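Each residue of the sequence shown is one higher than the last, beginning at 1 in the UniProt record's numbering.
Glycine is no exception: its CB is placed at the ideal position from the N, C-alpha and C atoms.
Keep in mind that this is a model prediction, so the values were computed, not measured.
One structure below.
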Amino acid sequence: MTRYRFFHTADIHLGKTYRTSTGEAERYEDFFRMLGSIVSDAIAARVDFVLIAGDLFHTGQILPRTFARTIETLQPLKNAGIPCIAVEGNHDWIHRRDSISWMEALSQMGYIHLLRPSRTETGGYRFSPFDYEQGMGGHIEVNGVNIYGLGYIGTQAGAHVARICEAITTTNNILLFHVGVWTYSPVEIGNMKPEEALPLADVFDYVALGHGHKPYIIATPEGRAYAFNPGSPECVNFGEEKYDKGYYLVTVNDGVYTHEFRPTNPRPMLVTTIDLDGAGDAETALTRFRNVVAAKIASFSDDRQPLLEIKLTGRVGFHPFELGRERLRLALEEICNPLHVEIKNHLSLVTAGGGAESEKKSLAEIEREVLRELISAKSEYKGREDELVRLSLAIRDQVLKGETDGEELLGLLMREPA
Numbered sequence: 001m002t003r004y005r006f007f008h009t010a011d012i013h014l015g016k017t018y019r020t021s022t023g024e025a026e027r028y029e030d031f032f033r034m035l036g037s038i039v040s041d042a043i044a045a046r047v048d049f050v051l052i053a054g055d056l057f058h059t060g061q062i063l064p065r066t067f068a069r070t071i072e073t074l075q076p077l078k079n080a081g082i083p084c085i086a087v088e089g090n091h092d093w094i095h096r097r098d099s100i101s102w103m104e105a106l107s108q109m110g111y112i113h114l115l116r117p118s119r120t121e122t123g124g125y126r127f128s129p130f131d132y133e134q135g136m137g138g139h140i141e142v143n144g145v146n147i148y149g150l151g152y153i154g155t156q157a158g159a160h161v162a163r164i165c166e167a168i169t170t171t172n173n174i175l176l177f178h179v180g181v182w183t184y185s186p187v188e189i190g191n192m193k194p195e196e197a198l199p200l201a202d203v204f205d206y207v208a209l210g211h212g213h214k215p216y217i218i219a220t221p222e223g224r225a226y227a228f229n230p231g232s233p234e235c236v237n238f239g240e241e242k243y244d245k246g247y248y249l250v251t252v253n254d255g256v257y258t259h260e261f262r263p264t265n266p267r268p269m270l271v272t273t274i275d276l277d278g279a280g281d282a283e284t285a286l287t288r289f290r291n292v293v294a295a296k297i298a299s300f301s302d303d304r305q306p307l308l309e310i311k312l313t314g315r316v317g318f319h320p321f322e323l324g325r326e327r328l329r330l331a332l333e334e335i336c337n338p339l340h341v342e343i344k345n346h347l348s349l350v351t352a353g354g355g356a357e358s359e360k361k362s363l364a365e366i367e368r369e370v371l372r373e374l375i376s377a378k379s380e381y382k383g384r385e386d387e388l389v390r391l392s393l394a395i396r397d398q399v400l401k402g403e404t405d406g407e408e409l410l411g412l413l414m415r416e417p418a
């Protein structure tokens, strides 16, 4: 009886962080902690190998410290003798092929086995056996299973499927492919249609997908599941909090594949829209803002600092700039002290002259209306609009005459009642 087990993960995105955030260092570590937990689980489960279906790194041009932390994180897997087989995703890929990539360096050092096919003169695919000395190849055999790797091959991946299948002459095959499948994948580019992917089911027993950060499974018309996308184990971008997060544990008994989705524990993330429509002043709006955020955060069971993306909408009776980023950030610190926050201020100011008017206004009337709207937009000036409009026009008139110096203007201000 032939039996083996493996982990299938993808889209780790090591090196991802928020460069302008005070939580930069902590967020940077989130992704290494996540990979470290998967490595620990793989050792505990005594799997035969681990598959990473692309985007191990967030970018192809990583910092040396990211490379060093990656080695440190993968070291226990190497020490345990568990092969880590990987392909490049669109984030890992580098444009200059005259330079060695970080993925190639990891492969040459034995921390991963990087699979990348070559091409024939006629445009076909050649999956050469993996060369352990060079750390490169298109195909590797582990415990009797043939593992092929493609990585990310661009936006027209579906057109390559026939040539990929033609290059395979073995049985008991697994394919690592960094590509999405339309109607399932949440990303806009780098996908192929389900009917384009279907021929892979005739050649490969298991297609290990990556690219989309949402888990999904593709089946044949007869209902046989053959392609699996685990999604990213950590929330990489805002919006992913609504996806399940995890990786697959796959068990194979005499050619029969069974899969188990193992949930991970990503940092808590909240994306929400707060409607402040009708708020007459900034304090009223801020109170409503606090109440909404506090209610949503109360549902979190995780004590870690959350990641927040908040969109403010509505027509309000004060200038939207009064709810600036710093003021909102201080309010959020009192509620949940977020690790990182992004605020999209889409508030609009209600204007007094918004309705249709048939009569023509004089320039003086227009000036008074504009001044009044500008003044009333500041919460602290509420109730003093007429007084401040009169004062503003008085100062304007004196300046236009050109006969008043700064001291006299200051005296005009001092004579006005507080």
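Would you mind giving the Cβ-Cβ distance between I140 and Y111, rounded to the nearest angstrom? I have them listed as a contact below 8 Å.
-> Within the sequence shown, the letter at position 140 stands for residue 140. Within the sequence shown, the letter at position 111 stands for residue 111. No, I140 and Y111 are not in contact; Cβ-Cβ is about 15 Å, not under 8 Å.
Buried versus exposed, by CB contacts within 10 Å (16 or more), E166 | Indexing the sequence shown from 1 puts residue 166 at position 166. E166 comes out exposed.
Length of the line joining the Cα atoms of G154 and L307 = The residue labelled residue 154 in the question sits at position 154 within the sequence shown. The residue labelled residue 307 in the question sits at position 307 within the sequence shown. One C-alpha to the other measures close to 31 Å.
Taking all protein chains shown into account, decide if E333 is buried (16 or more other Cβ within 10 angstroms of its Cβ) or exposed.
-> Looking up residue 333 in the sequence shown gives position 333. Exposed, by the Cβ-count rule.
So what's C235 in DSSP terms, helix, strand or just coil?
-> In the sequence shown, residue 235 corresponds to position 235, counting from 1. In the structure shown, C235 sits in coil (DSSP, three-state: anything other than H, G, I, E or B).
Output yes or no for whether 8 Å exceeds the beta carbon distance between V39 and F6.
-> By one-based count along the sequence shown, residue 39 stands at place 39. By one-based count along the sequence shown, residue 6 stands at place 6. Not in contact: V39 and F6 (Cβ atoms no closer than 8 Å).
Under 6 Å Cβ to Cβ from N345, same chain only, skipping five residues before and after it: list those, please.
-> For this step, residue 345 is matched to residue 345 along the sequence shown. Excluding sequence neighbours, N345 sits near L312, P320.
Inter-residue Cα distance where the pair is G158 and I164 | Taking the first residue of the sequence shown as 1, we reach residue 158 at position 158. Taking the first residue of the sequence shown as 1, we reach residue 164 at position 164. Taking the straight line from one Cα to the other gives about 10 Å.
In whole angstroms, what is the alpha-carbon distance linking E240 and E188?
-> Stepping through the sequence shown from its first residue, residue 240 is reached at position 240. Stepping through the sequence shown from its first residue, residue 188 is reached at position 188. Using only the alpha carbons, I get a separation of about 15 Å.
Could you check what DSSP says for S107 in three-state terms: helix, strand or coil?
-> As a first step, residue 107 must be located in the sequence shown, where it is residue number 107. Helix.
Determine, using beta carbons only, whether M136 and S101 come nearer to each other than 8 Å.
-> The count along the sequence shown starts at 1 and reaches residue 136 at position 136. The count along the sequence shown starts at 1 and reaches residue 101 at position 101. For M136 and S101, no; Cβs fall outside 8 Å.
At which residues does the beta strand (DSSP E) containing K311 begin and terminate?
-> Taking the first residue of the sequence shown as 1, we reach residue 311 at position 311. Residues 307–316.
Exposed or buried, which one is E29 when buried takes at least 16 other CB atoms within 10 Å?
-> Locating residue 29 in the sequence shown gives position 29, where the first residue counts as 1. Exposed: under 16 other Cβ atoms inside 10 Å.
So is M34 buried or exposed if we call it buried at 16+ other beta carbons inside 10 Å?
-> The count along the sequence shown starts at 1 and reaches residue 34 at position 34. Buried: at least 16 other Cβ atoms inside 10 Å.
Helix, strand or coil: which one does DSSP assign to I62?
-> Here residue 62 corresponds to residue number 62 of the sequence shown, with the count starting at 1. Of the three classes helix, strand and coil, the one that applies to I62 here is coil, per DSSP.
Sort out for me which residues DSSP pairs E141 with in a bridge.
-> Your numbering for residue 141 matches position 141 in the sequence shown. DSSP lists N146 as partners of E141.
Could you give the distance in angstroms between the alpha-carbon of T220 and the alpha-carbon of V236?
-> The sequence position of residue 220 within the sequence shown is 220, counting from 1. The sequence position of residue 236 within the sequence shown is 236, counting from 1. Approximately 30 Å, taken between the alpha carbons.
What's the C-alpha gap between H91 and L209?
-> Looking up residue 91 in the sequence shown gives position 91. Looking up residue 209 in the sequence shown gives position 209. One C-alpha to the other measures close to 15 Å.
Is L56 helix, strand or coil when you go by DSSP?
-> To locate residue 56, count along the sequence shown from 1; it is residue 56. Look at L56 here: in three-state DSSP terms it is coil, with no helix or strand label.
Is it true that the segment 9–23 meets the segment 52–72, where meeting means three or more beta-carbon pairs spaced less than 8 Å apart?
-> In short, these stretches touch, since the Cβ pair count reaches three.
Helix or strand or just coil, what does DSSP make of Y226?
-> The residue labelled residue 226 in the question sits at position 226 within the sequence shown. Looking at Y226 - three-state DSSP - the assignment turns out to be strand.
E373 to H211 span [Cα, whole Å] = Taking the first residue of the sequence shown as position 1, residue 373 is located at position 373. Taking the first residue of the sequence shown as position 1, residue 211 is located at position 211. Their backbone Cα atoms lie some 50 Å apart in a straight line.
From E88 to D11, what distance separates their C-alpha atoms?
-> Along the sequence shown, read from residue 1 onward, the residue named residue 88 stands at position 88. Along the sequence shown, read from residue 1 onward, the residue named residue 11 stands at position 11. Going by the C-alpha atoms only, they are around 10 Å apart.
Please list the segments of the beta strand (DSSP E) lying wholly inside the segment 242–292, counting only runs of 3 or more residues, in order along the chain.
-> The qualifying runs are 246–253, 256–263, 269–275.
Reduced DSSP category for N79 - H, G, I as helix; E, B as strand; rest coil | One-based indexing of the sequence shown puts residue 79 at position 79. In this structure, N79 counts as helix in the three-state DSSP scheme.
As assigned by DSSP and simplified to three states, the class of H160 = Here residue 160 is taken as the residue at index 160 of the sequence shown, counted from 1. Residue state, collapsed to three classes: helix.
Using DSSP with H/G/I as helix, E/B as strand and the rest coil, what is S40?
-> Here residue 40 refers to the residue found at position 40 when the sequence shown is read from its first residue. The answer is helix: DSSP assigns S40 an H, G or I state.
Can you tell me which of the three DSSP states Y206 falls into?
-> To locate residue 206, count along the sequence shown from 1; it is residue 206. If DSSP states are grouped into helix, strand and coil, Y206 belongs with the strands.
Is the Cβ-Cβ distance between Y152 and L175 less than 8 Å?
-> Locating residue 152 in the sequence shown gives position 152, counting from the first residue. Locating residue 175 in the sequence shown gives position 175, counting from the first residue. Result no, Cβ atoms of Y152 and L175 do not sit closer than 8 Å.
DSSP three-state call for V389: helix, strand or coil?
-> For this step, residue 389 is matched to residue 389 along the sequence shown. Note: V389 maps to helix in three-state DSSP.
Whole-angstrom distance between V341 and S379, CA atom to CA atom = In the sequence shown, the residue the question calls residue 379 occupies position 379. In the sequence shown, the residue the question calls residue 341 occupies position 341. Taking the straight line joining both Cα atoms gives about 25 Å.
Through-space distance from E387 to I335, alpha-carbon basis = For this step, residue 335 is matched to residue 335 along the sequence shown. For this step, residue 387 is matched to residue 387 along the sequence shown. Those two C-alpha atoms are separated by around 38 Å.
Return helix, strand or coil for Y4, following the three-state DSSP convention.
-> Taking the sequence shown and counting its residues from 1, the one referred to as residue 4 is at position 4. Y4 falls in the strand class under three-state DSSP.
Does the Cβ-Cβ distance between Y243 and K214 come in under 8 Å?
-> Position 243 of the sequence shown, counted from the first residue, corresponds to residue 243. Position 214 of the sequence shown, counted from the first residue, corresponds to residue 214. Yes, Cβ-Cβ distance for Y243 and K214 is below 8 Å.
Could you have a look at K378 and say whether DSSP puts it in helix, strand or coil?
-> Taking the first residue of the sequence shown as position 1, residue 378 is located at position 378. Reduced to three states, the DSSP call for K378 is coil.
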